[in-house]
Each structure stands twice: as structure tokens, then as C-alpha cells.
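Asks: I am attaching a structure below and will ask some questions about it afterwards.
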Amino acid sequence: MFDLIQHIPGPWRQLAEVLIAPLAWIPRLQHMLWDFFFAPGPLWLVAGKYIFLLFPALLAVAAVWCTQLSVYTFPFRSGRAQFIPTMMLTWWDAVRAIWLYWVGMFRFVGVALGWAVAFSTFVAKLVLEVIRQIALMPFTMTGRMTQNYFTPGVPWIAFVMLIFWCALEAA
């Protein structure tokens, strides 16, 4: 974009450079941010940069472009007195949006960690209960089988005596 200045005739080139000066530094800023975000590194570092810094950086670049481009319209605005406070309020809103984004991300991370801890506690308790149930299963089964052994209405003593008498006669 700024290479076109070289094709402008000499006397007009200096005026074009003065007019383009408020915008000349923004592409270099974008290139620095591009290099920062696409630099190689460990996965956790790259993910952290994308999650926590990409959207605030994109908002900042868009805000800088809009602010610098609106500088050209300043002499032609009818409400110049209200333009600067409005632009400052817009920047304040952008900073507030970035702050709320970071707070929301940290809240999300905190809630996700809480869910992970609660879920792992649940899984650990479940595994321990399964192990306990498997270890106690023989005792539970014999307890349930003998639960009706001593209930009234069944002549267990007579049945045991009959079995004993049969074994005695068979011998």
C-alpha cells in the first residue's frame, strides 16, 4: 500500500508522505503482532497466546485503524467538539471490553477447573465404591441366602434332623 508513494512524482511525494504519516506505522504494528502470534513455541504457550491475547489484539488493531482513519475526517466534521470525547469514550469501552474478556476467561478457567476437580472426586468415589462392593459381594450373597433361614413358618430344625437321619441310615 505504501509502496505506491514511490510512484508519485517528486514534488508531490513529500505531501503524500505527510498525509499518510498517521497510517504508516499501523502495518508495521500488524506485522509485529503477526510475528508474535505465529512464532513457534510450546503448545501451551501458543494456545495461551491465542486464547488470552488474540481477540484483544484484534480489537486494538481495529481501534487503531478506525481512530487513525477518523483523523482525516476531523477538519470536516460539524461536531468536532464532541468527536474527541466520543473517541475517548470509545477507547474506554474497548479497554473495558478487553478487561471483561480476560475476567470472563479466568472465570471460565476457574469454573472448568472446579468441574474437573468435582468430576475426578466423583470418579474416585465411584471406583472406591465399586471395589468395596466387589470385596463385600460374597458376604452379601451369603447373608441374603441365609436371611430366610431363620424365618418362622419353615421347619428348618425338622429338615436338618431329616437330613441327619438320612445320612445316619445311609451309613
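The numbers in the working numbering rise by one with no breaks, and the one at position 85 of the sequence shown is 145.
All C-beta atoms, glycine included, are put in the ideal place defined by N, C-alpha and C.
A quick note: this is a predicted structure, and the numbers were derived from the prediction, not measured.
Can you give me the start and stop residues for the alpha helix (DSSP H) that Ser180 sits inside?
Replies: Arg140 to Met205
Asks: Going by the CB atoms, is the gap between Leu93 and Val121 shorter than 8 Å?
Replies: yes
Asks: Can Met165 and Phe112 be called in contact, C-beta distance under 8 Å?
Replies: yes
Asks: What does a CB cutoff of less than 7 Å around Ala117 pick up in its chain, not counting 5 residues either side in sequence?
Replies: Leu93
Asks: Nearest-angstrom Cα distance between Pro145 and Leu83?
Replies: Each residue's alpha carbon lies about 21 Å from the other.
Asks: Using the three-state DSSP reduction, which class does Thr133 fall into: helix, strand or coil?
Replies: coil
Asks: Starting from the C-beta of Leu188, find all residues in its chain whose C-beta is less than 6 Å away, skip the five residues before and the five after it, and write them out in chain order.
Replies: none
Asks: How big is the Cα-Cα spacing for Arg140 and Gly174?
Replies: 51 Å
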